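Residues in the sequence shown are numbered consecutively from 1, following UniProt numbering.
Ideal placement from N, C-alpha and C gives every residue a C-beta, glycine not left out.
Since this is a predicted model, take the numbers as computed values, not measurements.
Okay, structure first, notes after.
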Amino acid sequence: MTQRLPILLSFHALAGNSATLISGQLTYTTISDFSFRDYSRRKTLRTLVRLYRTKPYADQYIVLIFDKAEVRAKTDAYGSFYMATPVMLKQSVLRKVVLASGAEVKMVEDLYPLEVQEVAKDVIVVSDIDDTLMHSFIYRKLRKFRTLMFTAVEKRKAVLHMQEVLYGFTRSGAASIYLSNSEQNLYPLIYRFLMYNNFPPGPLFLKKMRRLWDVLWNVKFPLRNVHKQQTLKDVIVLFPDKKFVLMGDNTQQDLIIYLEAAEQFPQNITDIIIRKVIDKKEDRVLLKKYEQMLKANNINLYYSDSFPTSP
1 MTQRLPILLS
11 FHALAGNSAT
21 LISGQLTYTT
31 ISDFSFRDYS
41 RRKTLRTLVR
51 LYRTKPYADQ
61 YIVLIFDKAE
71 VRAKTDAYGS
81 FYMATPVMLK
91 QSVLRKVVLA
101 SGAEVKMVED
111 LYPLEVQEVA
121 KDVIVVSDID
131 DTLMHSFIYR
141 KLRKFRTLMF
151 TAVEKRKAVL
161 HMQEVLYGFT
171 RSGAASIYLS
181 NSEQNLYPLI
191 YRFLMYNNFP
201 PGPLFLKKMR
211 RLWDVLWNVK
221 FPLRNVHKQQ
231 TLKDVIVLFP
241 DKKFVLMGDN
251 TQQDLIIYLE
261 AAEQFPQNIT
271 DIIIRKVIDK
281 KEDRVLLKKY
291 EQMLKANNIN
301 LYYSDSFPTS
311 P
């Protein structure tokens with residue numbers, strides 16, 4: 001009997017000064033087309049349902065073979081792997097992923113860069129996706145579900161003024177990193193959305209996979225901010241000599257996550273840009289609480305529609 005092999009659904013590697021941050025997702029699926037190009041409403045729905053029903057390659061050892069080194073990793077219970085390894089992989093390319101059995105994982109063409117990404121710029125923009133760069137309607141459950149499951153990538157709407165803010169920074173020489181609380185199941189859709197709308201290239205970090213049931217019933221997980229908090233911290237630590245601009249919105253927890261990061265890394269963060277989508281009383285409390293800290297460290301906070309266009 002032929003051994004059933006997982007695929008590499010997502011992959012990004014980011015080389016820093018003394019380490020390399022690597023993330024990815026292994027899962028079993030029979031999906032052959034991940035392009036999300038010219039999908040009908042029906043095909044969009046079917047593909048997303050199948051992505052939510054994939055079986056993760058969980059709790060298994062793997063070897064990532066680059067042209068300059070090998071990195072050993074282990075997937076978690078969700079089939080994800082995420083690590084900061086001291087192995088220096090600048091100017092390196094992922095050649096294959098090998099299972100403990102010696103079998104090779106199938107890598108999906110044009111779904112992620114195999115090159116280890118580097119940041120030569122002095123400024124890095126870390127941006128959220130949902131309702132920051134892409135209209136997702138997180139705050140309206142029914143419309144959120146309808147938009148996610150039935151709207152083709154070409155019809156998904158970018159948040160144009162936030163897109164222009166990001167363009168402004170990159171035109172001035174900043175690099176881009178995308179950090180979202182969307183789950184790995186949505187990686188192909190989000191990656192294609194960014195490509196289709198000509199967003200600046202950059203690694204895309206998503207949280208762990210979810211089940212279809214969790215999405216249908218809008219199940220909230222405890223400690224759901226940990227992914228963003230930890231990944232943001234890891235990225236800042238990876239580039240201690242860089243300055244950071246943090247972009248998000250107020251439909252979830254971007255504001256408090258970014259304010260806490262600014263408190264922890266005041267010398268690294270220069271700007272926090274929050275798109276105000278809904279009115280939240282707790283936001284005003286947070287802004288008041290952190291006002292003096294931001295002022296003391298010359299950190300600019302833009303909330304609502306008052307945004308800069310360059311660093």
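- By the CB criterion at 9 Å, L8 and L26 fall inside the cutoff.
- According to DSSP, K243 shares a beta bridge with V123.
- Taking 8 Å as the upper bound for CB-CB distance, M247 and D67 are not in contact here, some 34 Å apart.
- Per DSSP, H161 is one residue of the alpha helix (DSSP H) stretching across 160-171.
- In this structure L160 is exposed. Its beta-carbon is surrounded by fewer than 16 other beta-carbon atoms within 10 angstroms.
- 9 Å or more divides the Cβ of F199 from the Cβ of I236.
- Here L232 really is in contact with L179; their C-beta atoms are around 6 Å apart, less than 8 Å.
- Shown here, E109 sits in coil according to DSSP, grouped into three states, outside any helix or strand.
- Under the three-state reduction of DSSP, L8 is assigned to strand.
- In this structure, Y82 places its C-beta atom within 9 Å of the C-beta atom of G24.
- By the beta-carbon neighbour count (other beta carbons within 10 angstroms, threshold 16), G79 is buried.
- Taking C-alpha positions only, I256 is separated from S40 by approximately 38 Å.
- For T85, the enclosing beta strand (DSSP E) starts and ends at 80-85.
- Cα atoms of L206 and H227: separation of roughly 8 Å, rounded to the nearest angstrom.
- In the DSSP annotation of this structure, Q184 is not part of any beta strand (DSSP E), being labelled neither H nor E.
- By the criterion of a C-beta distance shorter than 7 Å, D283 is surrounded in its chain by N250, L255, once the five residues flanking it on both sides are discounted.
- Excluding sequence positions up to five before and after K96, its CB lies within less than 6 Å of the CB of I65, E104, all in the same chain and listed in chain order.
- Q230 counts as exposed, since fewer than 16 other C-beta atoms from the protein chains shown sit within 10 angstroms of its C-beta.
- Nearest to L142 by C-alpha distance, out of V215, K90, K121, L166, is V215.
- The three-state secondary structure of I257, taken from DSSP, is helix.
- Look at I236 here: in three-state DSSP terms it is helix.
- Taking C-alpha positions only, T170 is separated from S101 by approximately 44 Å.
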